[in-house]
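For what it's worth, the working numbering labels the leading residue of the sequence shown as 179, then goes sequentially. Note that beta-carbon positions come from the ideal geometry of N, C-alpha and C, so glycine has one too. In this text, all values refer to a predicted model and were calculated from it rather than measured experimentally.
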Amino acid sequence: MIKKSRAHHRIESWRSVVLLGILTILLTGCLANRLGGEGLNKQINVFGLSLYSAHDDKSIRGVVPIKEPCLKGFEYIYDPLDLTISYGFNDRIRRITTRNKETSMFNIHIGDSFSKGKDIIRQAGFSEGDSPYKFVKDGCLFTLLVDDHERIFGMSFEVLD
Numbered sequence: 179m180i181k182k183s184r185a186h187h188r189i190e191s192w193r194s195v196v197l198l199g200i201l202t203i204l205l206t207g208c209l210a211n212r213l214g215g216e217g218l219n220k221q222i223n224v225f226g227l228s229l230y231s232a233h234d235d236k237s238i239r240g241v242v243p244i245k246e247p248c249l250k251g252f253e254y255i256y257d258p259l260d261l262t263i264s265y266g267f268n269d270r271i272r273r274i275t276t277r278n279k280e281t282s283m284f285n286i287h288i289g290d291s292f293s294k295g296k297d298i299i300r301q302a303g304f305s306e307g308d309s310p311y312k313f314v315k316d317g318c319l320f321t322l323l324v325d326d327h328e329r330i331f332g333m334s335f336e337v338l339d
């Protein structure tokens with residue numbers, strides 16, 4: 179009887195481990211699907227960052243950010259890099275905002291015309307949001323920051339809640 183009990187306990191433990199593994203895979207898959215199977219994240223060329231990722235070392239290129247609280251977590255502001263990264267309370271990246279000329283998103287670069295940027299983001303499958311500068315797809319919002327000369331001076335990509 180004792181051997182059956184131990185064997186039964188081992189089977190139950192094994193079953194719990196397998197179920198936990200399956201649940202982890204499913205949840206990870208949901209996040210990937212939410213970002214278009216990670217295809218959208220691959221379009222971010224901003225110091226190796228991606229939405230939903232954890233960024234343990236908060237310094238980038240030796241720049242230590244200023245940490246500011248916000249309603250949905252914290253923002254890390256990298257003034258010398260013209261970069262702001264917003265983290266949720268789970269310490270996962272929820273928004274990336276850049277004005278850095280070395281960076282791009284969806285092959286849109288700082289200095290491009292608004293018309294060009296709008297064409298590129300629409301070709302990537304985004305639809306216009308509640309303003310001509312905002313575009314949505316797969317639970318994400320992409321925003322072009324445009325100056326008076328219709329030139330892109332920055333952009334933001336974020337997870338919609």
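Assign residue i to one of three DSSP states: helix, strand, or coil.
i, result
"Arg270", "strand"
"Thr202", "Residue placement at Thr202 is poorly supported in this model, since its pLDDT is 38, which falls under 50; the coordinates still yield a value, given next. It is helical."
"Arg239", "coil"
"Ile299", "helix"
"Asp325", "coil"
"Pro258", "helix"
"Lys294", "helix"
"Cys223", "Before going further, note that residue 223 is Asn rather than Cys in the sequence given. Three-state DSSP puts Asn223 in a strand."
"Gly289", "coil"
"Thr275", "strand"
"Gly332", "strand"
"Gly215", "Annotation note: pLDDT 44 at Gly215 (below 50); position unreliable, coordinate value reported separately. In the structure shown, Gly215 sits in coil (DSSP, three-state: anything other than H, G, I, E or B)."
Do residue i and residue j have their C-beta atoms closer together than 9 angstroms?
i, j, result
"Ile288", "Ile244", "no"
"Glu336", "Phe292", "no"
"Leu227", "Ile298", "no"
"Phe320", "Phe284", "yes"
"Thr276", "Gly240", "no"
Identify every residue that forms a DSSP beta bridge with residue i.
i, result
"Pro247", "Phe252"
"Lys312", "Thr321"
"Glu306", "Phe313"
"Ser264", "Glu253 and Arg273"
"Ser282", "Asn223 and His287"
At least 3 beta-carbon pairs within less than 8 angstroms: the stretch 264 to 276 vs the stretch 219 to 232: yes
Three or more C-beta pairs below 8 angstroms linking the stretch 289 to 308 and the stretch 253 to 269: no
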